[in-house]
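Novice: Listed in order, the protein sequences are those of chains A and B. Mapping the first sequence onto our numbering, position 88 (from 1) lands on 88, and the numbers just tick up by one. Take the position in the second sequence, starting the count at 1, then add 315; the result is the number in our numbering. For every residue, glycine included, the Cβ atom is placed at its ideal position computed from N, Cα and C. Keep in mind it's a predicted model, so treat the numbers as computed, not measured. Below are the structure tokens for one structure; questions will follow.
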Amino acid sequence: MSASYLTKRVALIFYTLLIVSLIVFAMTQILPADAAVMMLGENATEEALAALREQMGLNNPVWTQYLHWIAGVFQGDFGTSLRTGLSVGPVMVEALSRSLLLALFSICLMLFIAVPLGILAAVRRGKIVDMAVSLISYVGVSLPEFVTATLALLFLADRWKLLPPTGYVPLTENFWDGVAHLIMPAAVISIILVAHVSRMVRSEMVDVLHTDYIRAARLKGLSSRQVLWGHALRNALLPTITIVALDVGYLLGGVIVVEEIFAIPGIGRQLIIAIQARDLPSIQAGVLIMAATYCVVNFIADILYSLLDKRIQYD
Amino acid sequence: MTSDTAAPVLSVEGYSLDYLTAKGPFHALKNISLSIGAGEIVGLVGESGSGKSSLAWSIMRYLPGNAHEVSGTIRFDGSDLMARSNSEIEAIRGKRISMVFQDPATSLNPTLSLGRQISEVLIRHQGLSKKQAWAEAEARLAHVGLKTPAQMMHRYPHEASGGEKQRVVIATAFACNPELIIFDEPTTALDVITSRQILELFQSLQQETGVASLYISHDLALVASTAHRVSVINRGEIVEQGKVGEIFTRPQDPYTKKLIAAVPDPSVRLAGSEPDYAAKPLAEVENVSVIYGRKPFFGRFSKKAGNHVTGNRAVNLAIQPGEILGIVGESGSGKSTLAKAMTGLNKFEGEIRFEGRPIHSIADMSDSYRRDVQIIFQHPDASLNPRKTIGDILSRPYRLYTEYSGKAMRDEISRLLEQVKLPASYAARYPHQLSGGEKQRVAIARAFASQPKLVICDEITSALDVSVQASVIELLMELREEFGTAYLFITHDLNLVRQIAHRIAVMYRGDLIEIAPTRDITAPQRAAYTRQLLEAVPVPVARSAP
């Protein structure tokens, strides 16, 4: 991996984000929302509206508005929320940090379950264990989040009182309480992810176990455990890195239902609120920040991959 | 070196093995008896599917779940291997019986360093600490002739050449001083010169350690020069075994006779009439270079060139009408690149002239050029569409290049199939219903459908067994007699090319080293590389006879 490759990749991320920003901006232009009306309310006078439009630059050509906005973005200023009047950037970044924490929690929990399941299914291919694993994962993937979330709430929180029902407590405030609040939503999300990651690990593992080098390792007299952990696992897990990185997209935007049910003020929830309120600066900022996170996570995954597999060399 | 009195290291007696399949049991090995004494090298020769690998797996106790051992015993050092438990076998494998595999590129784990892969054997079987094992492994690598063992230890498989990797595999096999080593086609995946070096390494290590060796190969010439005794295996049965000299000079079994007769022998010329060298050349290649690699996406904005690999560097050659021009060289020497350039599969620089018409790029290749110049590829499995019938496959050139259609075309296809010695009824079959040799005949038929003047044969027999190869070559010679077709015959098999070619072109790393008439290829004034290539090739069987 060369420095020039890293520069190229960072440049490519900026390029991607530029295109995303254009699309987002174009979308907010099409939305039937008048920022001035949003701010002053339905009953505002035409004069007041016109004055505000002039003040906000809404009468300028679209591309001037875009340049004005993107210039602000480059300086870290995403604009002011039409709904709350607060600066949009810090609000969205804070929401993102909560979502990322939940995502990280879910991924760890998921890997903790999915990887052993996948390996077990591969090693016992065609046996009862294999079938049980695929049955469990198919059930998991076919249950919608709101069903599992409701069930979890009903039993774990309401009936057995094992975990706090909803809400979000920052880890910096009260670490263990914060963790307790994260367990249920993370479990609900990971049930969905376990299915396809464990299938992925299984099929990769099955392929790897059939390679010549695994046969060679066995014929060197290594024990089954040494062959599995020392030789097969690394190669079988490599593609999983890519899959998990792609899942981050789902974890950021697709878990709105879970965030709603458990009342976690994550970025998905913020975005829904912004859309409902036609809060254009918030929508723009939210989407752009999510896209940026997604790009960075996949970039990290690629670098991780090349560190684990020396054949992958970027130049 | 055979020790007749001492008990053999390995003795297989009356061993039969079935694979249980949906269609009933498949008899992979039938009543096999074979023994190897200390210090002895026993060659096991057979074609693909003969069961030679199954025997290796049986000895290694590495059989698939559907294997059923019908009868017989496998004894190692006097004790019954078949009665050993799984953990006992794990303690024997790699320590007392080890194995060297065919392809070092696939038998080494791509994500582990070479050092890790050899030292783990020492840790496992010799009880060495990580540090001791690493030092010992490094010494072992030095012992197998690797020049920079310390660096090699830290390298990954993709950072080493094929020969270096096979040396690592061999060092691993010898690491625990085993009593028996099974060599499963250890040089088949390597280049001519590299495989010669690996063979020499095997011989010196074997002499030094006196390890009993089972040397599995399809290459009779190679086994003849390596083994003390030979067993010939055909369809799961050992049809003949005995001392090397006896088997190769006085074979008894008809299969062995057929096998020996099929081995290419340069002293037996098959080429047929010499072309007219005074005539106007059919095709000329002038200063043709092929450069692989594209500019990377961002490179377009900069002036920096991408990572280019030269496939061919200013190659010049000419082919006479009806001539068989052999092209030899190691893998990566640019043989196939030239073939691809001439058929428009690669971009090239320079000029190709066909019957005097100049061609500078793929766009210049007219329909008539494409009709006159056909190519046959190495793997018929990859070059025949598995979802089309043979009839469909063969109808393509007729539709493209001829006026035939409907009934007339079907008649032509039947005639063509018969010409390549296949029944006309094969037109209704799919490629997977044919054997490897039959598929290659279909590929030949497809090339000849347009009645070309030049056929480029790109390693067309290297995926085939030696007896099948002989019949395919025979067919090519017959077709040439009939149509006067010229061949550009690309191969790495020097003995074969010396049998059939009129002239031989030698390539090395993209350069054309020289072109010489076949009868002069062994002359002392040949280029150093040509001589090196020839010296690396095992002497054909018939000549090794006393």
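Can you tell me where the alpha helix (DSSP H) with A:ILE289 in it begins and where it stops?
Specialist: 280-308
Novice: My output table needs one value for B:MET822: the three-state DSSP class, helix, strand or coil.
Specialist: strand
Novice: Kindly indicate which three-state DSSP category A:VAL182 falls into: helix, strand or coil?
Specialist: The sequence given here has Leu at residue 182 of chain A, not Val. Three-state DSSP puts A:LEU182 in a helix.
Novice: Assuming the contact rule is C-beta atoms closer than 8 Å, B:ARG813 and B:PRO581 should be a hit. Round their C-beta distance to whole Å, please.
Specialist: 4 Å
Novice: Tell me which residues share the same chain as A:ALA217 and place their Cβ nearer than 6 Å to its Cβ, disregarding the 5 neighbours each side in the sequence.
Specialist: VAL227 and HIS231, listed in sequence order.
Novice: Taking A:GLU259 and A:GLY268 to be in contact with their CB atoms under 8 Å, please state how far apart those CB atoms are, rounded to whole angstroms.
Specialist: 5 Å
Novice: Answer with yes or no whether the minimum CB distance from B:HIS469 to chain A is below 8 Å.
Specialist: no
Novice: Can you tell which of B:HIS817, B:GLU789, B:ALA577 and B:GLN748 has its C-alpha closest to the C-alpha of B:ARG702?
Specialist: B:GLN748
Novice: May I ask you to list, following chain order, the residues of the segment 322-334 of chain B that have a beta carbon less than 9 Å from some beta carbon of chain A?
Specialist: none
Novice: With the cut-off set at 8 Å, would you say B:THR652 and B:ASN631 are in Cβ contact?
Specialist: no
Novice: Tell whether a beta-carbon distance below 8 Å holds between B:LEU423 and A:TYR213.
Specialist: yes
Novice: For a cutoff of 8 Å on Cβ pairs, would you count B:MET657 as touching chain A?
Specialist: no
Novice: From this set, A:ALA103, A:GLN284 and A:PHE175, which residue's C-alpha is nearest A:ALA26's C-alpha?
Specialist: A:GLN284
Novice: Should A:ARG223 be flagged as near chain B, meaning a C-beta pair shorter than 8 Å?
Specialist: Note that residue 223 of chain A is Ser in the sequence shown, not Arg. Output row for A:SER223: interface = yes.
Novice: Of all Cβ atoms in chain A, is any one closer than 8 Å to the Cβ of B:SER394?
Specialist: no
Novice: Name, please, each residue of chain B whose Cβ falls closer than 9 Å to the Cβ of A:ARG234.
Specialist: ASN424, THR426 and LEU427
Novice: Taking buried to mean at least 16 other C-beta atoms within 10 Å of its own C-beta, is B:PHE713 buried or exposed?
Specialist: Correcting the residue identity first, residue 713 of chain B is Tyr in this sequence and not Phe. B:TYR713 should be labelled buried.
Novice: To the nearest angstrom, how far is it from the Cα of B:GLY364 to the Cα of B:ALA654?
Specialist: Spanning the two alpha carbons is a distance of roughly 31 Å.
Novice: When the Cβ atoms of the segment 283-302 of chain A are set against those of the segment 82-102 of chain A, are three or more pairs found closer than 8 Å?
Specialist: yes
Novice: Quick check: is the beta carbon of A:ASP207 nearer than 8 Å to any beta carbon in chain B?
Specialist: no
Novice: Tell me which residues share the same chain as B:LYS618 and place their Cβ nearer than 6 Å to its Cβ, disregarding the 5 neighbours each side in the sequence.
Specialist: Legend: pLDDT at B:LYS618 = 49, less than 50; position of this residue unreliable, value from coordinates given subsequently. Excluding positions up to five away in sequence, the list is empty.
Novice: Mind checking the segment 671-690 of chain B against chain A and listing, in chain order, the residues whose C-beta falls within less than 8 Å of any C-beta there?
Specialist: none
Novice: So what does B:HIS342 bridge to, in DSSP terms?
Specialist: B:ASP333
Novice: Could you tell me which chain A residues have their CB closer than 8 Å to the CB of B:TYR882, listed as they occur along the chain?
Specialist: Given a span of 316 to 861 for chain B in the structure shown, any question on residue 882 of chain B remains unanswerable.
Novice: Helix, strand or coil: which one does DSSP assign to B:SER428?
Specialist: coil
Novice: Less than 8 Å between the beta carbons of B:ASP780 and B:HIS533, yes or no?
Specialist: yes
Novice: Do three or more CB pairs link the segment 674-683 of chain B to the segment 636-650 of chain B at distances below 8 Å?
Specialist: no
Novice: Check the Cβ-Cβ distances between A:ARG9 and every residue of chain B, and say whether any is below 8 Å.
Specialist: no
Novice: With 8 Å as the threshold, decide whether the Cβ of A:ALA217 is near any Cβ in chain B.
Specialist: yes
Novice: Report all residues from its chain with a CB closer than 8 Å to the CB of B:LYS480; omit the five preceding and five following residues, and keep chain order.
Specialist: Within the same chain, Cβ atoms closer than 8 Å to the Cβ of B:LYS480 are found at PRO419, ALA420, LEU423, LEU429 and PRO472, the five residues on either side in sequence being excluded.
Novice: Against chain B, with Cβ distances strictly below 8 Å, would A:THR211 count as a contact?
Specialist: yes
Novice: Determine the DSSP secondary structure at B:LEU827, reduced to helix, strand or coil.
Specialist: strand
Novice: May I ask you to verify whether the segment 491-508 of chain B touches the segment 330-344 of chain B, counting CB pairs closer than 8 Å and requiring at least 3?
Specialist: No, because fewer than three Cβ pairs between the segment 491-508 of chain B and the segment 330-344 of chain B fall closer than 8 Å, the two stretches do not touch.
Novice: Just grab the DSSP bridge partners of B:CYS772 for me.
Specialist: B:ILE691 and B:PHE804
Novice: Let me check one thing: in DSSP terms, what residues is A:ASN59 bridge-paired to?
Specialist: According to DSSP, which records beta bridges pairwise, A:ASN59 is partnered with nothing at all.
Novice: Name, please, each residue of chain A whose Cβ falls closer than 9 Å to the Cβ of B:TYR377.
Specialist: ARG215, ARG218 and LEU219
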